[in-house]
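The sequence shown runs 137 to 508 under our numbering.
Step one of this worksheet: look at the structure below.
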Amino acid sequence: MKTKLVVLYGGKSAEHEISLQTAFSVINALAFDKFSVQPIYITNDGDWVQGPVLTQKVDFVEQLRFEQMEQLRLANQEGEASHGLAISPASIREEQSAEPLVVFPLLHGPNGEDGTVQGLLEVLNLPYVGNGVLASAAAMDKIVMKMVFADAGIPQVAAVAVRAIEWEESQQEMIAKIETELVYPVFVKPANLGSSVGISKAVDRDSLVAAMVEALRYDRRIVVEQGVVAREIEVAVLGNDKPACSVAGEIIPKGEVAVFYDYKAKYQDNDTVMAIPANLEPAIYEQLVDYATRAFTGLDASGLVRADFFVTEDNQIFLNEVNTMPGFTPFSMYPLLWQESGLPYTDLISKLVDLAIERHEANNKLKYTLED
Ligand SMILES: Nc1ncnc2c1ncn2[C@@H]1O[C@H](COP(=O)(O)OP(=O)(O)O)[C@@H](O)[C@H]1O
Ligand SMILES: [Mg+2]
């Protein structure tokens with residue numbers, strides 16, 4: 137019997153377009169003798185639109201938008217939806233027939249990778265690929281994430297958390313605190329978001345103030361971090377209770393002007409190169425695996441995370457962050473790391489689906505009342 141894979145993509149997020157690309161890649165990598173696909177496109181406005189079930193590859197990316205938008209137009213015409221849900225998430229559940237169904241949320245950033253969609257799927261009691269509510273939410277918040285890592289004994293760069301209200305009411309004290317605990321340059325980041333949105337590097341007090349103003353446009357909570365000169369090394373983690381780690385990969389900025397690895401460099405141009413496997417001493421790699429595994433377990437992650445480290449010239453290691461829905465096209469670091477570790481893209485997707493079912497079954501065995 138085929139498994140129906142409900143692919144959620146698009147989303148109310150800055151990473152809408154990349155999500156569409158990812159959905160196209162995932163769908164086209166599927167073994168269609170094992171899967172059928174129910175595509176669900178989430179528009180920029182947050183409408184959920186269901187397209188026709190796919191039993192074979194799609195020809196081009198835009199097909200995953202056009203067909204859906206046509207459905208939305210028809211629904212609006214018939215007065216079924218007035219800028220709302222062309223389908224309701226609950227209808228996914230109603231459709232669950234004899235065939236097993238697994239949801240694959242291919243959404244990045246807020247409203248997708250942050251636990252909100254995961255919460256909805258939990259409420260509907262549907263199996264879904266990837267991290268649950270807790271891990272997704274904790275890893276989307278750079279302040280909470282740091283607390284979890286600290287508790288797990290994982291080294292990180294020094295950092296100061298600042299709330300908007302503290303900045304408004306006692307800016308001088310906050311600057312003094314930052315300048316006491318850290319040394320310029322520092323990185324100023326909104327606690328939420330991803331893809332380097334709202335992040336800037338500050339080299340002195342003036343640029344710190346400018347960076348804070350910019351970051352506060354995106355969040356009420358800001359983290360100011362010690363800047364380090366380091367290589368950027370990433371490890372892919374896969375599993376549930378006993379996660380496995382891939383080989384390590386390195387992100388190498390090519391352009392001289394690339395101040396840091398920003399949004400543009402990630403997705404839009406060829407300013408960066410990925411070196412896989414990264415050239416590391418075996419002992420350093422082992423250390424990364426240990427920290428990545430501890431981060432995974434500490435967050436109660438499931439399915440997948442990508443752990444992003446800084447490794448300095450004298451081999452000091454800092455965990456920068458983990459991503460609970462890392463870039464997932466065939467040319468993204470996470471799938472490439474597994475490819476290089478002996479697990480090709482198509483098998484990686486199947487494995488993630490198996491892990492989703494495994495976790496869902498385990499959770500459904502748990503008692504949630506006091507009765508027998
Ligand atoms: N403390 C730091 N020291 C040096 N570079 C940093 C530091 N923090 C971030 N960067 C640079 O900025 C990039 C984006 O920061 P990151 O925290 O990973 O944000 P995002 O969640 O947007 O990926 C990093 O990949 C790195 O190149
Ligand atoms: Mg990052």
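Yeah, the Cβ is synthetic: ideal placement off N, Cα and C, and Gly gets one too.
Requested in this report: For K539, count neighbouring Cβ atoms within 10 angstroms of its own Cβ and tell me buried if that reaches 16, exposed if not.
Outcome: Absent from the model: residue 539. The displayed extent of the chain is 137 to 508, so no value can be given.
Query - Three-state secondary structure (DSSP) of A460 - result: For this step, residue 460 is matched to residue 324 along the sequence shown. The amino acid occupying residue 460 in the given sequence is Thr; Ala does not appear at that position. For T460, the secondary structure class from DSSP, reduced to helix, strand or coil, is coil.
Report task. Grab me the residues of A167's own chain with a C-beta within less than 8 Å of its C-beta, minus the 5 sequence neighbours each way, in chain order. Result -> Here residue 167 refers to the residue found at position 31 when the sequence shown is read from its first residue. Cβ within range, chain order: T482 and S486.
Query raised in the report: How would you write the range of the beta strand (DSSP E) that I154 sits in, first residue to last?
Result: Translated into positions along the sequence shown, residue 154 becomes position 18. Note, I154: premise wrong, no beta strand (DSSP E); alpha helix (DSSP H) at H152 to A165.
Query raised in the report: Sorted by chain position, which residues of the same chain lie with C-beta nearer than 7 Å to V269's C-beta, five sequence neighbours on each side aside?
Result: In the sequence shown, counting from the first residue as 1, residue 269 sits at position 133. If the five residues before and after V269 are omitted, its C-beta is found closer than 7 Å to the C-beta atoms of G251, Q254, G255 and E258, all from its own chain and listed in chain order.
**Report entry** Which residues DSSP lists as bridging I369, in chain order
**Finding:** Looking up residue 369 in the sequence shown gives position 233. Beta-bridge annotation (DSSP): I369 is paired with E386 and F445.
**Report entry** Neighbourhood of F171 by C-beta, 7 Å cutoff - its chain only, sequence neighbours within 5 removed
**Finding:** Position 35 of the sequence shown, counted from the start, is the residue given in the question as residue 171. Cβ neighbours of F171 beyond the five flanking positions: K138, T139 and L141.
Query raised in the report: When we look at the beta-carbon of E198 and count the other beta-carbons within 10 Å, is it buried (16 or more) or exposed?
Result: Position 62 of the sequence shown, counted from the first residue, corresponds to residue 198. Classification for E198: exposed.
Report task. Please name the residue, chosen from V489, D377 and P471, that lies closest to L435 on a Cα-to-Cα basis. Result -> The sequence position of residue 435 within the sequence shown is 299, counting from 1. The residue with the shortest Cα to Cα distance from L435 is D377.
Query - Whether G375 touches I412 by CB criterion (9 Å) - result: Translated into the one-based positions of the sequence shown, residue 375 becomes position 239. Translated into the one-based positions of the sequence shown, residue 412 becomes position 276. Not closer than 9 Å, so no.
Query raised in the report: Using the C-alpha atoms, what's the distance from I290 back to K501?
Result: In the sequence shown, residue 501 corresponds to position 365, counting from 1. In the sequence shown, residue 290 corresponds to position 154, counting from 1. One C-alpha to the other measures close to 32 Å.
Query raised in the report: How about the region 239 to 251 and the region 142 to 150: do they share at least three Cβ pairs that are nearer than 8 Å?
Result: Yes, they touch.
Query - Neighbourhood of P321 by C-beta, 7 Å cutoff - its chain only, sequence neighbours within 5 removed - result: Taking the first residue of the sequence shown as 1, we reach residue 321 at position 185. Sequence-distant Cβ neighbours of P321 in its own chain, meaning closer than 7 Å and more than five residues away, are K337, A338, V339 and G363.
Query raised in the report: In angstroms, rounded to a whole number, what distance separates the CA positions of N164 and S155?
Result: Counting from 1 along the sequence shown, the entry for residue 164 is found at position 28. Counting from 1 along the sequence shown, the entry for residue 155 is found at position 19. If you take the alpha carbons of N164 and S155, they lie about 14 Å apart.
Report task. Kindly provide the chain-ordered list of residues whose Cβ lies closer than 6 Å to any non-hydrogen atom of ligand 2. Result -> Any residue whose Cβ sits closer than 6 Å to a heavy atom of ligand 2 makes the list: D444 and E457.
Query raised in the report: Beta-carbon separation of V360 and K325 under 9 Å?
Result: Position 224 of the sequence shown, counted from the start, is the residue given in the question as residue 360. Position 189 of the sequence shown, counted from the start, is the residue given in the question as residue 325. The answer is yes: Cβ separation under 9 Å.
Report task. Return the residue from the list V409, G439 and V365 that minimises the CA-CA distance to I453. Result -> Taking the sequence shown and counting its residues from 1, one reaches residue 453 at position 317. The residue with the shortest Cα to Cα distance from I453 is V365.
Report task. Report yes or no: do the region 260 to 268 and the region 458 to 466 share at least 3 C-beta pairs separated by less than 8 Å? Result -> Yes, they touch.
Query raised in the report: Between the region 346 to 357 and the region 296 to 303, do three or more beta carbon pairs fall short of 8 Å?
Result: Because the criterion of three Cβ pairs below 8 Å is met, the region 346 to 357 and the region 296 to 303 touch.
Query raised in the report: Leaving out the 5 sequence neighbours to the left and right, which residues in its chain are closer than 7 Å to I279 when beta-carbon positions are compared?
Result: Translated into the one-based positions of the sequence shown, residue 279 becomes position 143. Answer for I279: A297, A327, R357 and V359, listed in chain order.
Query raised in the report: Which word fits E151, buried or exposed, when buried means at least 16 other C-beta atoms lie within 10 angstroms of its C-beta?
Result: Residue 151 sits at position 15 when you count from the first residue of the sequence shown. By the neighbour-count criterion, in which 16 or more other beta carbons inside 10 Å mark a residue as buried, E151 falls on the buried side.
Report task. Please confirm whether S161 and T465 have their CB atoms less than 9 Å apart. Result -> The residue labelled residue 161 in the question sits at position 25 within the sequence shown. The residue labelled residue 465 in the question sits at position 329 within the sequence shown. The answer is yes: Cβ separation under 9 Å.
**Report entry** Three-way DSSP call (helix, strand, coil) for E392 in this model
**Finding:** For the purposes of this step, residue 392 is taken as residue 256 along the sequence shown, with counting starting at 1. Model confidence at E392 stands at a pLDDT of 41, short of 50, so the residue's coordinates are unreliable and nothing is read from them.
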